[in-house]
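This report concerns only the one structure given below.
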Amino acid sequence: MSIIKLSAIDSTNDFLKDLSRNQSVDNFTAVVAQKQTNGKGQMGATWQSEEGKNLIMSILIKDVLQNSDEIFHLNVAVALSILQVLEDFNIPKLSVKWPNDIMSDHKKICGILIENSFKLDTKIESVVGIGLNVNQRKFDDLPKASSMAVVAENEFDLDLILNKIIFQIKKNCSWILSNQSDKLWQEYHKHLFKINVPMAFEDANHNKFMGIIKGVSTDGRIQVLLEDNSVKNFGIREFQILF
Ligand code: BTN
Numbered sequence: 001m002s003i004i005k006l007s008a009i010d011s012t013n014d015f016l017k018d019l020s021r022n023q024s025v026d027n028f029t030a031v032v033a034q035k036q037t038n039g040k041g042q043m044g045a046t047w048q049s050e051e052g053k054n055l056i057m058s059i060l061i062k063d064v065l066q067n068s069d070e071i072f073h074l075n076v077a078v079a080l081s082i083l084q085v086l087e088d089f090n091i092p093k094l095s096v097k098w099p100n101d102i103m104s105d106h107k108k109i110c111g112i113l114i115e116n117s118f119k120l121d122t123k124i125e126s127v128v129g130i131g132l133n134v135n136q137r138k139f140d141d142l143p144k145a146s147s148m149a150v151v152a153e154n155e156f157d158l159d160l161i162l163n164k165i166i167f168q169i170k171k172n173c174s175w176i177l178s179n180q181s182d183k184l185w186q187e188y189h190k191h192l193f194k195i196n197v198p199m200a201f202e203d204a205n206h207n208k209f210m211g212i213i214k215g216v217s218t219d220g221r222i223q224v225l226l227e228d229n230s231v232k233n234f235g236i237r238e239f240q241i242l243f
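In my numbering, the protein residues as written are 1 to 243.
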């Protein structure tokens, strides 16, 4: 297993994508940085992180997904890996907010950005970026963000967390490889934020509505039971939970 440690970089995801474009990179190679100057979040957002306090990492995963129908299996495997590692550190009230934010109670403590590329030989290569808030204690303009240190009132060792995450991701990927991703999905659903709870939502046109999250389909869309008893699936840009 190789780990590349950097003091500063624009984005660990971009660094790892470039590296793998230019040379052969071993499966599960990880890149960590103390600081990112252009950290990327979901849907074009930026990812902010206090220098040296948090885990900023990307990991290359190849030869796990067999075809594009399986893309969301990797989101499930990775989100669950983080949750399982955080359980080990006794982080309270953990859940996965669809598609793959890791929450402690109602605060986000980790974000995941997976960038997939489809190779000519139909192989899929994924760069999995993880921003885990570990020892940062102030989140001035981010009222819904928190960290392991804040919620568990403790300091944590970044290297130890890094090694556990890589180990757990490898383990969960082996479930995909042995065609047993249903086990990962069961766990993912067990920990899905607000599953089976009546909630208010907002669609892409800012219309508010009530519904109940029933699960996530294998293509990664969230399934919501609406007031007229129909079930509607939403994609990532079409829906947000109001909480
Ligand atoms: C999100 O918006 O929730 C996803 C955040 C992902 C941030 C991580 S930090 C390491 C990696 N490099 C990036 O540029 N982004 C991801």
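A virtual CB, placed ideally from N, CA and C, is assigned to each residue, including glycine.
Query, Result
"Sequence-distant residues of the same chain with beta carbon closer than 7 Å to Ile-9, five excluded per side", "Phe-15, Ala-33 and Gln-36"
"Inter-residue spacing [alpha-carbon to alpha-carbon] between Leu-162 and Asn-100", "18 Å"
"Reference Asn-38, options Glu-51, Leu-86, Ala-30 and Phe-28, closest by Cα", "Glu-51"
"Those residues which DSSP pairs with Gly-39 across a bridge", "Answer is none; Gly-39 lacks a bridge partner."
"Meets three-Cβ-pair contact criterion under 8 Å: the stretch 107-123 and the stretch 56-76", "yes"
"Assigned secondary structure, Leu-142 (DSSP; H/G/I helix, E/B strand, else coil)", "coil"
"Distance cut-off 7 Å: Gly-39 Cβ against heavy atoms of the ligand BTN", "yes"
"Closest residue to Gln-186 among Ser-217, Arg-21 and Ser-146 (Cα-Cα distance)", "Ser-217"
"Identified DSSP bridge partners for Ser-95", "Met-103"
"Ala-152 vs Val-134 beta-carbon contact at 8 Å", "no"
"Contact between the stretch 66-74 and the stretch 122-129 (3+ Cβ pairs under 8 Å)", "yes"
"CB-CB length for Ile-274 against Ala-77, believed under 8 Å", "This structure cannot settle anything about residue 274, because the visible part of the chain is limited to 1 through 243."
"Any non-hydrogen atom of the ligand BTN closer than 7 Å to Gly-52 Cβ", "no"
"Coarse secondary structure for Asp-69, derived from DSSP in three states", "helix"
"Trp-98 Cβ short of 7 Å to the ligand HEM heavy atom set", "This structure lacks the ligand HEM; the ligands present are the ligand BTN."
"Inter-residue CB distance, Glu-227 and Met-199 (contact presumed, cutoff 8 Å)", "The pair is not a contact, with the Cβ atoms about 12 Å apart (cut-off 8 Å)."
"Ala-45, buried or exposed, once every other Cβ within 10 Å from all chains shown has been counted against 16", "exposed"
"CB contact flag (Lys-246, Val-85, <8 Å)", "The chain is shown from 1 up to 243; residue 246 falls before or after that span and cannot be answered."
"Assigned secondary structure, Asn-233 (DSSP; H/G/I helix, E/B strand, else coil)", "strand"
"Minimum C-alpha distance to Trp-175 - residue among His-73, Lys-5 and Ser-11", "His-73"
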